[in-house]
Amino acid sequence: MIRQNMHIHSNYSWDSKMDIDTIAQILVKNNISYGALTDHVELSRESLPDVITKLKARNIDIDRINQQYQGKLTLLKAVEISEPHWYPDQVQKLSQEVELDFIMGSIHSIQKKAESRREREVATHQYYQEILEMIKTDQIDVVGHLDYINRYYKKDYSLYQQVTDVLNAIKEHHMVIEINTSAERRSHLNVFPSLDKICRYKLSQNEIIIGTDAHTPNQLIDNLEQAELITKELGLKPVIYQKRKRINL
Ligand SMILES: [Zn+2]
Ligand SMILES: [Zn+2]
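Residue numbering for the sequence shown follows my numbering, beginning at 2 and increasing consecutively.
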């Protein structure tokens with residue numbers, strides 16, 4: 002399998018100190034041919050002009066690395082936008098102004114402290130509702146760490162029908178999910194989304210991306226092998242993106 006890590010945060014993200022040279026060295030050392038920098042875009046806390054300036058500088062850095070490691074490593078220019086459907090005009094402007102290979106949309110705004118069972122069910126229902134709204138605005142390519150709410154609760158409270166609706170919407174809107182390996186360090190699951198949801202996804206489509214949600218050098222290969230095994234076993238197909246177009250590997 003051609004190795005990939007499609008979810009990496011560099012020091013262009015507020016919560017990572019990893020520089021792009023370090024990322025490239027470690028990926029090459031581990032025979033990972035494709036890496037995607039999915040730096041955070043949080044429009045609730047940063048202005049769009051600042052985001053654009055930052056990402057343009059980052060993309061120059063990526064071009065430099067891609068030249069240096071030609072034939073060994075390709076870094077993709079991506080972003081992980083929090084709640085993109087809350088800022089449709091800004092997301093559109095961003096995608097026009099900055100060259101991007103793909104846009105990952107993620108829900109990070111989650112009710113994390115629900116105490117009763119009922120409150121946790123409501124929080125989970127709201128979480129999937131946000132995902133559905135995000136998909137319907139049609140501005141993203143990849144749904145990031147589906148099931149992330151399991152980071153905060155010890156049990157999965159999702160409703161079967163609501164998950165079905167989300168999986169159907171992903172297919173209908175020509176998006177893919179990522180198999181995100183950070184679940185192992187962050188939750189009671191092995192991967193995000195849970196294995197049963199990956200199997201249900203597989204009933205209607207094959208394409209996925211694999212990412213570790215790396216914020217530190219050791220997280221660049223964190224549980225990657227496990228996600229690769231799941232991918233192989235289920236017959237899923239890892240894809241990459243180039244300028245918002247999906248490419249089969
Ligand atoms: Zn982060
Ligand atoms: Zn995230």
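Beta carbons: idealized from backbone N, C-alpha and C, even for Gly.
Computed from a predicted model, the values in this text were never measured in an experiment.
Near ligand 2: residue i beta-carbon under 8 angstroms from a heavy atom
i, result
"Gln81", "According to the sequence provided, residue 81 is Glu. The question's Gln does not apply to it. Yes, Cβ of Glu81 sits closer than 8 angstroms to a heavy atom of ligand 2."
"Lys149", "Note that residue 149 is Tyr in the sequence shown, not Lys. For ligand 2, at least one heavy atom lies less than 8 angstroms from the Cβ of Tyr149."
"Gly145", "yes"
"Ser107", "yes"
Residue i beta carbon near ligand 1 (any heavy atom closer than 8 angstroms)
i, result
"Asp20", "no"
"Asp214", "yes"
"His10", "yes"
"His86", "no"
"Ser188", "no"
"His41", "yes"
"Ser159", "no"
With 16 other Cβ atoms within 10 Å as the buried cut-off, status of residue i
i, result
"Asp142", "buried"
"Ile251", "It is not possible to answer for residue 251, since the shown part of the chain is limited to 2 through 250."
"Ser117", "exposed"
"Thr232", "buried"
"Leu230", "exposed"
"Gly212", "buried"
"His86", "buried"
"Arg59", "buried"
"His8", "buried"
"Arg121", "buried"
CA nearest to the CA of residue i, picked from the options
i, options, result
"Ile21", "Ser107, Ser205, Leu221 and Gln227", "Leu221"
"Met134", "Val99, Gln163 and Glu122", "Strictly speaking, residue 134 in this sequence is Glu, with Met absent from that position. Among Val99, Gln163 and Glu122, the Cα nearest to that of Glu134 belongs to Gln163."
"Ser107", "Ala37, His126 and Glu131", "Glu131"
"Ile248", "Glu234, Ser11, Met176 and Asp139", "Met176"
"Gly145", "Thr39, Asp90 and Lys203", "Thr39"
"Thr75", "Phe193, Thr217 and Arg4", "Arg4"
"Leu235", "Gln71, Ile180 and Arg65", "Ile180"
"Ile104", "Val80, Gln127, Tyr154 and Thr138", "Val80"
"Ser110", "Thr182, Arg46 and Gln243", "Arg46"
"Lys137", "Lys155, Asp102 and Glu173", "Glu173"
"Ile82", "Ala170, Ser14 and Asp64", "Ser14"
Contacts around residue i, its chain only, beta-carbon distance under 6 angstroms, and the 5 residues preceding and following it disregarded
i, result
"Leu237", "Asn207 and Ile209"
"Ser159", "Thr125"
"Ile261", "The requested residue 261 does not occur in the structure, where the chain is confined to residues 2 to 250."
"Ile33", "Arg4 and Asn6"
Sequence-distant residues of its chain with Cβ nearer than 7 angstroms to residue i (five each side left out)
i, result
"Lys202", "At residue 202 the sequence reads Tyr, which differs from the Lys that was named. These residues qualify, in order along the chain: Leu168 and Ile178."
"Ser17", "His10, Ser11 and His216"
"Gln91", "Leu44 and Leu49"
"Lys57", "Val99"
"Asp157", "Asn151 and Ser195"
"Ile53", "Leu95, Glu98 and Val99"
"Pro218", "Met19, Thr23 and Ile27"
Any non-hydrogen atom of ligand 4 closer than 8 angstroms to residue i Cβ
i, result
"Asp16", "This structure simply doesn't include ligand 4; it includes ligand 1 and ligand 2 instead."
Contacts around residue i, its chain only, beta-carbon distance under 8 angstroms, and the 5 residues preceding and following it disregarded
i, result
"Gln140", "Pro85, His86, Pro89, Val92, Gln93, Ser96, Ile104 and Gly106"
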